Amino acid sequence: MPASLSDQLPPARTPMRALRDRQVRQAMTRGFMGHCPNCGKGKILRNYLKVVDHCSVCGEDFSHQRADDAPPYFTILIVGHVIVPLMFFVEIEYSPSLLLSMLGWPALTALCCVALLPRVKGAVVGMQWAMRMHGFGGPTID
Ligand SMILES: [Zn+2]
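Residue numbering for the sequence shown follows my numbering, beginning at 621 and increasing consecutively.
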């Protein structure tokens, strides 16, 4: 009996296999909470946004991560979609003073971005790890 097509493909290059043995949702949740996407115990970030080189518990190598501009992009996207409708609602319903609006909304936006950015970065690195992107899948066969 001939082997199925998925059995003939190399494991690191097959997206469906990569998704099967590394759960994307679990890895992103662990990263969002600031933990290692592999073991869920070690920390993924040190200082504020610096990704650790290796997990202190399981030794998973995170030097392959390439989060780049994705975390700020997603942070702005999420915060903007929450703050702008909230701002319209409050302005229409309560009509706060101009001074309060000019000081309050930028401050709230900045606080939300500062709080969310490291969590989004952890989730992005977790997604990259789970999907075996940028060298997270181990050595490739060419
Ligand atoms: Zn770990």
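Each residue gets a CB set at the ideal place from its N, CA and C atoms; glycine is no exception.
None of these values were measured; they are calculated from a predicted model.
For residue i, count neighbouring Cβ atoms within 10 angstroms of its own Cβ and tell me buried if that reaches 16, exposed if not.
{"i": "H655", "result": "buried"}
Is residue i close to ligand 1? I mean its beta-carbon at under 7 angstroms from any heavy atom of the ligand.
{"i": "G662", "result": "yes"}
{"i": "C732", "result": "no"}
{"i": "V671", "result": "no"}
{"i": "V677", "result": "yes"}
{"i": "E713", "result": "no"}
{"i": "N658", "result": "yes"}
Please state whether the Cβ-Cβ distance between residue i and residue j is less than 8 angstroms.
{"i": "Q685", "j": "Q748", "result": "yes"}
{"i": "I712", "j": "L728", "result": "no"}
{"i": "V710", "j": "C733", "result": "no"}
Can you tell me which of the options puts its alpha carbon nearest to the alpha carbon of residue i?
{"i": "D688", "options": "V740, M751 and G757", "result": "V740"}
{"i": "L669", "options": "H701, L736 and G757", "result": "L736"}
{"i": "G742", "options": "F652, S683 and L731", "result": "F652"}
{"i": "F756", "options": "T649, P726, D673 and A730", "result": "D673"}
{"i": "F694", "options": "V644, P738 and M707", "result": "P738"}
{"i": "V745", "options": "D641, I664, Y714 and Q643", "result": "I664"}
{"i": "I696", "options": "R650, P726 and Q643", "result": "P726"}
With a cut-off of 8 angstroms, do at least 3 Cβ pairs link the stretch 678-694 to the stretch 646-660?
yes
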